[in-house]
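Structure first, then comments.
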Amino acid sequence: MQENTRQAVVEQILEEGATTIMLRSLPASTTTSSLMTMLGLPFVGFYDFLYLPQCSRQPNRIVEMAFINFVDQSFARLAVQLFQEASTMIQSWSRTRVSQARVQGLAPNLAYFLLRFGEGAMLGPDAPLVFVNGVPASLQDQCAAQINEYAIRSAWLVIQEETQPRQRDMRSQRLPGDRAGVRDKVEPILVAPNLREDELLDLARRHEERFGFAIFRL
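If you want the numbering used here, it's the 1-based position in the sequence shown plus 6.
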């Protein structure tokens with residue numbers, strides 16, 4: 007594929023500013039280590055989030071999807087080219103497709119995972135891998151450091167869209183909420199203005215137990 011053609015294809019896949027890609031129909035043998043090996047040394051330090059969700063109904067089996075966030079769009083574009091070439095040159099990757107993920111950026115992806123699967127999932131076997139300057143980092147620490155109001159709002163909007171039956175934009179791709187056993191749909195909390203502090207805390211606790219997270223819009 008000529009360089010101009012490659013660039014045109016990448017521009018069709020990634021919108022301006024997009025840094026998170028999604029891989030679909032991965033080989034069943036794919037692991038986080040094999041993905042990191044395929045990215046190789048040129049990408050070390052230039053991706054900070056790698057998520058390879060597993061199938062909740064069949065332990066040790068992936069759902070054949072992966073999500074990778076890059077610190078710069080130029081490396082996201084290079085990764086799109088890399089994985090597209092792999093799909094044409096490696097037999098086991100012939101079904102693999104790369105696209106733009108619905109959630110973009112490190113913080114929104116961390117918020118999405120936390121909102122969707124709960125705090126306990128951060129210790130699970132298929133929790134995302136996070137990196138700082140190419141060095142593996144604590145998922146809990148990065149969630150605490152990165153997640154802000156914007157990230158929560160962005161992730162929550164995607165979750166709301168996923169839980170409502172509607173015609174989705176063809177460029178948008180579903181995130182790993184497809185797997186079975188996810189929490190109930192997140193619902194807003196309607197709070198009386200004269201609610202006591204202890205009552206508010208109890209309401210937040212019960213909401214968090216059900217959904218894994220409590221969001222208050224003031």
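All C-beta atoms in this analysis are idealised placements derived from N, C-alpha and C, irrespective of residue type, glycine included. On a predicted model such as this, the values are computed, not experimentally measured, just so you know.
- Residue pairing for Val86: DSSP places it in no beta bridge.
- The Cβ neighbour count for Ala150, taken over all protein chains shown within 10 Å, is under 16; the residue is labelled exposed.
- Sequence-distant Cβ neighbours of Ser144 in its own chain, meaning closer than 8 Å and more than five residues away, are Val136.
- Beta-bridge pairing by DSSP links Ala72 to Leu29.
- Bounds of any alpha helix (DSSP H) do not take in Phe137; it lies within the beta strand (DSSP E) bounded by 135-138.
- Excluding residues up to 5 positions away in sequence, Ser31 lie with their Cβ nearer than 7 Å to the Cβ of Arg101 in the same chain.
- Bridge pairing for Val104: Leu29 [DSSP].
- Pairwise C-beta distances place the stretch 82-90 out of contact with the stretch 123-141, as fewer than three of them are shorter than 8 Å.
- For Asp147, there is no enclosing beta strand (DSSP E); the residue is part of the alpha helix (DSSP H) that begins and ends at 145-152.
- If you look at Phe55, you'll find it in the beta strand (DSSP E) that goes 53-57.
- For Met44, the enclosing alpha helix (DSSP H) begins and ends at 38-45.
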